[in-house]
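Below: the structure, in structure tokens.
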Amino acid sequence: MTGTFTIGTRGSRLARTQTTTVAEALAGLSGLDAELEIIRTEGDVTTGSLASLGGTGIFASALRAAVLDARVDLAVHSLKDLPSVQPKGLVIASIPKRVDVRDALCARDGLRLSELPQGAKVGTGSPRRVAQLKAVRPDLDVVDIRGNVQTRLARVPGLEQHDDHAPAAAGSPRGDLDAVILACAGLDRIGFDWAITERLAPTVMMPAPGQGALAVECRPETAVTGTGSTHPVAQALAGYDDAVTRLQVTAERALLERLEAGCAAPIGALARVEKDPARLVMDAVVAATDGSRLLREHASVDLPAVRVRREDGSADSETLGLARQLGIDVAEAMLAGGADLLPAPQ
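When we follow UniProt numbering, the leftmost residue of the sequence shown carries the number 1, and every step to the right adds one.
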């Protein structure tokens, strides 16, 4: 890298918006110019449900390959779409501050979840959302859907919005559903919060591990390696990293890794940091795919400090280790109490 660094992104409006936000922040911190390169991923070209495709990594593999091959310097992912096991040759160098973690109900006529009529049709491509939705409203007819945000919203009467930059896919159904469920974070980022009729509380719909967070991935030599770095991009990545968010997602992803579950599994997890005294608290749920059973776990751990980096830029292994162990402990409790609910290893 010289005076410019390149960032790989998927081509959807949401992905480009997220990546542009990251690029502008890192450019401002580093004083360098950022260039975006569109990378087409398997998830963008393959049809079928996320569950049938395996879910894990279908949006990430091509971006990761572009970084490993040095076609781009960095890649930006929605963290909830990343497999929990980090591949060799890549590091998550920065996790910016997390935004709204909740799932969004986008329904016709401004309806809330409790107000949807008996047998209403609700669209989602997430087994996690399906299972929890059926747990609270077993009467609903849940329909598997794919497509960009506009394509999904167009299936709800009154939520169509013409957009020359990213229209609904040609030939896709329109107006055939009573509601769809999407992530609040994505809708907020692209200015589509107008479509949200209810932000679902985590007690109703536990979010996916890492939901609401972004991950900036690169080769190890691009990031701060533990002895510090004077390279402006490395310094920018360290400065853009949010300690609270990284602690939260470290615990959540450790749970997924211990359960050997992918990002399409019916598992929700949410960690939060309490600062006085410093403490990491975590809630998690695993659900039967038909919503007939839910297993919930809650645990916490005291932290020596709310930090993830030392003064030289190296990882604070003690604090991050405690966060990781919390996720493992919650996973162990789930394995002991509800092994029959957990998905088969990937």
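Using N, Cα and C, we set each Cβ at its ideal position, and we do this for glycine too.
Taking a C-beta distance under 8 Å as the contact criterion, V22 and L214 qualify as a contact pair. Between L326 and A251, the gap from beta carbon to beta carbon is short of 8 Å. Assigned with DSSP and collapsed to three states, V136 falls in helix.
Distance between R146 and V204, taken at the CA atoms: about 23 Å. Note on S317: under 16 other CB atoms within 10 angstroms of its CB, so exposed under the neighbour-count rule. Two segments are said to touch when three or more pairs of C-beta atoms, one from each, lie closer than 8 Å; by this definition the segment 283-299 touches the segment 321-336. When the beta-carbon positions are compared, A120 and A179 come within less than 8 Å of each other.
Counting the other CB atoms within 10 Å of its CB gives G110 a total below 16, which places it among the exposed residues.
The segment 168-193 contains, as complete alpha helix (DSSP H) runs of 4+ residues, the segments 184-189 (chain order). Closest option to G239, judged by alpha-carbon separation, among E35, T197, R64 and K97: K97. A straight line joining the alpha-carbon of Q86 with that of V216 spans about 13 Å.
By the neighbour-count definition (other C-beta atoms within 10 Å, threshold 16), I38 is an exposed residue. Taking P202 as reference, the option from L82, G89 and V136 with the minimal CA-CA separation is V136.
Your pair T222 and A234 checks out as a contact, with CB atoms roughly 7 Å apart and the cut at 8 Å.
Take A75, set aside five residues on each side of it, and the residues of its chain with a beta-carbon closer than 6 Å to its own are G8, L63, V67 and E217, in chain order. In summary, K134 is buried, with 16 or more beta-carbon neighbours lying within 10 Å of its beta-carbon over all protein chains present. As DSSP reads the structure, D33 sits in a beta bridge with T4. If you draw a straight line from the Cα of R310 to the Cα of V142, it is about 47 Å long.
Counting only runs of 3 or more residues that sit fully inside the UniProt domain "Porphobilinogen deaminase C-terminal" (247-335), the beta strand (DSSP E) segments are 267-275, 278-287 and 294-302, in chain order.
Per DSSP, reduced to three states, the secondary structure at K80 is helical. For A65, the enclosing alpha helix (DSSP H) starts and ends at S61 to L68.
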